[in-house]
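Undergrad: Residue numbers (full-length UniProt numbering): 1 to 133.
Ideal Cβ placement from N, Cα and C applies to all residues, glycine included.
Just so it is clear, the structure is predicted and the values come from calculations on it, not from any experiment.
1. By Cβ distance, which residues of its chain are closer than 6 angstroms to residue 16, with the 5 residues on each side in sequence left out?
2. Have a look at residue 88 and residue 33 and give me their C-alpha separation to the nearest angstrom.
3. For the stretch 70–81 and the stretch 105–119, state whether three or more C-beta atom pairs, one from each stretch, are separated by less than 8 angstroms.
4. Indicate whether residue 101 and residue 48 have their beta-carbon atoms separated by less than 8 angstroms.
5. With a threshold of 6 angstroms on Cβ separation, who are the neighbours of residue 51 within its own chain once the five nearest residues in sequence on each side are excluded?
6. Could you give the distance in angstroms between the alpha-carbon of residue 1 and the alpha-carbon of residue 21?
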């Protein structure tokens with residue numbers, strides 16, 4: 001490997017999978033009313049919206065706002081994937097996710113909903129479920 005590439009690689013201090021995992025740790029749906037996801041499963045370039053969909057359906061993320069409505073529309077029209085997040089403040093966030101990296105999608109969603117882009121590293125305590133009395 002030439003010296004130029006060694007210097008460039010030396011400046012990189014993160015790995016995409018690690019950053020994606022940290023961004024998913026920070027995923028919080030407190031200020032979100034609903035999320036409408038729409039994609040064509042046969043179109044290439046929809047991996048990011050699929051990983052985002054699985055992460056907002058995760059039990060830890062759902063505990064941040066149990067009333068959030070997640071609606072999925074699976075299409076067959078070869079159009080690029082997108083999702084629309086309806087916020088409590090009345091704003092709508094529309095993400096066109098065609099060929100977008102999963103890490104960038106989750107980090108941008110966190111930033112626009114007022115959450116930190118990346119979560120904390122290390123172990124986390126288990127969430128406590130509240131029992132209905």
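TA: Taking the coordinates as given:
1. 103
2. In this model, residue 88 and residue 33 are separated by some 6 angstroms (Cα to Cα).
3. Flag = no, the stretch 70–81 and the stretch 105–119 do not touch.
4. yes
5. Contacts found: 102.
6. Legend: pLDDT at residue 1 = 49, less than 50; position of this residue unreliable, value from coordinates given subsequently. The alpha-carbon atoms of residue 1 and residue 21 are separated by roughly 30 angstroms.
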